[in-house]
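Q:
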Amino acid sequence: MTFVAPVVQDAPVEQEELLRSADLRLLPIAIAAWATALLVVLAPPAAAPVAVAAWVMTVAGLAVWRWLPARRRTLAAVVLLACAASGAVATHVAAALPARSAAVEFAVTGGRSVELSVDVTSKVELHGEALWFDGEAQRLSRGEQELVGTVPVTVSVSAEAVEGQRLDLGSAVIVSGTAQAGDGGDRAALVVFARGVDVIRGPFGPLDAAASLRDVFVERATALPAPGSMLLPGLAVGDTRAVTDELDAQMKATSLSHLTAVSGANCALVVGIAFGAAALCGASRGARIGLAAAALGGFVVLVTPEPSVIRAGTMAMIALLALALGRVGAGISLL
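Residue numbers for the sequence shown follow my numbering, so the first one is 3 and each next one is one higher.
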């Protein structure tokens, strides 16, 4: 009788094969885009030269593409895409720079009050006795002078000044007050300290429905015993208006303030529940993915599309796309 020992593959060999099979071609492109973004945001005057240089390199690379041997075309493609990504990032900043600079000069110089027509692009948060929100200013006026253009702003106004008005994401408002230039690297070109805010139009369509749902959720949650009732709206939909200054200070002291911020975990729960519910109903893979994507989109609207929410939602959509294409492994590389 002959005994044949089973062949066991060493774990290091499996790990080596896994690393070899990983597709990291998008990594240099992502690094180039992020590095360019860091440079042009911290040094905006460099945006135009960087954009020109990146696009010149892209065009030059395309011109010599046909002369490259086949074995070098993969590397050349990565370099060309990295240049194109850098050029796109720098071009975006360079295109926005003139309007930002003109708005800062117009609003800050002269020491006079300015009036702005603003579309609210974020949820309205209460910090102390002041409300803060982000928006896009479409028009700035100072006396008889007027400047028209889209400029990102951050607005602070006392809660009493907007009492009784429907101020939320999607509202159109008239803001009057003093302005100062935003810090370098901030999204907002101007920080406006408003004496008053007049809501010209409240949120509409899906934004109105989402705002009403958030209001009802906060109202029902705050009826529960404290302090859990103060945290529940933040944990579920990222609404922190029920969090008191004392509780906020306690959470920061214990490094728990991140609990009231919507993150990838929230998106993963929404997608997983929708996908699982569709599977239990016998839906096809395409229907399950479609339902999960729709649920994710609705959740993003509900919690408001802040940068962290958009980032988490985008990552979830990439994972769903990879699943739809049957290339689950490609999703990791794309992320």
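In this text, a Cβ means the ideal position worked out from N, Cα and C, and glycines have one as well.
Quick one: what does DSSP say V305 is sitting in, helix, strand or coil?
A: helix
Q: Can you have a look at G315 and say buried or exposed, based on whether 16 or more other CB atoms are within 10 angstroms of its CB?
A: buried
Q: If you draw a straight line from the C-alpha of D247 to the C-alpha of S160, how long is it?
A: 16 Å
Q: Give me, in chain order, the residues of the same chain whose beta-carbon lies closer than 8 Å to that of E138; leave out the 5 immediate sequence neighbours on both sides.
A: V120, D121, T123, T152, V153, P154 and V155
Q: If you measure between the beta carbons of G207 and S178, is that distance less than 8 Å?
A: no
Q: Ordered along the chain, which non-local residues of its own chain (more than five positions away) have a Cβ less than 6 Å from that of T262?
A: G236 and T242
Q: Name the one or two DSSP bridge partners that P154 has.
A: E138
Q: To which residues does DSSP link E148 through a beta bridge?
A: S143
Q: If we ignore side chains and look at the alpha-carbon of each, how far apart do R222 and G130 end up?
A: 23 Å
Q: Considering only the alpha carbon of each residue, which of V61, G63 and L99 lies closest to A48?
A: L99
Q: With respect to the alpha helix (DSSP H) encompassing V91, which residues constitute its N-terminal and C-terminal limits?
A: A72 to V110
Q: Taking the straight line between their C-alpha atoms, what separation do you get for S103 and A191?
A: 8 Å
Q: CA-CA distance, E338 and P229?
A: Residue 338 lies beyond the range of the chain shown here (3 to 337); nothing can be said about it.
Q: What number of angstroms, rounded off, separates the C-alpha of P8 from the C-alpha of R290?
A: Note that P8 scores a pLDDT of 49, beneath 50, so its modelled location is shaky and nothing firm can be said.
Q: Any contact between the stretch 278–285 and the stretch 79–98? By contact I mean 3 or more CB pairs, one from each, below 8 Å.
A: With the rule of 3 Cβ pairs closer than 8 Å, the stretch 278–285 does not count as touching the stretch 79–98.
Q: How would you label P205, buried or exposed, when you count the other beta carbons within 10 angstroms and need 16 or more for buried?
A: buried
Q: In or out: T256 buried (at least 16 other Cβ within 10 Å) or exposed?
A: exposed
Q: Taking 6 Å as the limit between beta carbons, can you name the residues of its chain near W134, skipping five residues before and five after?
A: Within the same chain, W134 has close Cβ partners E127 and S158.
Q: Could you tell me the distance, in whole angstroms, from the CA atom of S214 to the CA atom of V305?
A: 12 Å
Q: For L209, I'd like the list of residues in its chain whose CB is within less than 6 Å of its CB, leaving aside the five on either flank, ordered along the chain.
A: L171 and G172
Q: A174 and I202 - do their beta-carbons sit closer together than 8 Å?
A: yes
Q: Taking buried to mean at least 16 other C-beta atoms within 10 Å of its own C-beta, is T38 buried or exposed?
A: buried
Q: Less than 8 Å between C-beta atoms, sequence neighbours within five positions excluded: which residues of the same chain meet that for L293?
A: Same-chain partners within the cutoff: A276, F277, A279, A280 and A285.
Q: Look at the Cβ atom of G240, then the Cβ atom of V273, and state whether they are nearer than 8 Å.
A: For the 8 Å CB-CB criterion, G240 and V273 do not form a contact.
Q: Return the CA-CA distance between R216 and G184, expressed in angstroms with no decimal places.
A: 30 Å
Q: DSSP three-state label for V66, please.
A: coil
Q: Look up A196 in the DSSP assignment and give the residues it is bridged to.
A: G179
Q: Quick one: what does DSSP say L226 is sitting in, helix, strand or coil?
A: coil
Q: With H, G and I counted as helix, E and B as strand and the rest as coil, what does DSSP make of E131?
A: coil
Q: Buried or exposed for D136, please, with buried defined as at least 16 other CB atoms from any protein chain shown within 10 angstroms of its CB.
A: Here D136 is buried. Its C-beta has 16 or more other C-beta atoms within 10 Å.
Q: Tell me whether T60 is buried or exposed, calling it buried when 16 or more other Cβ atoms sit within 10 Å of its Cβ.
A: buried
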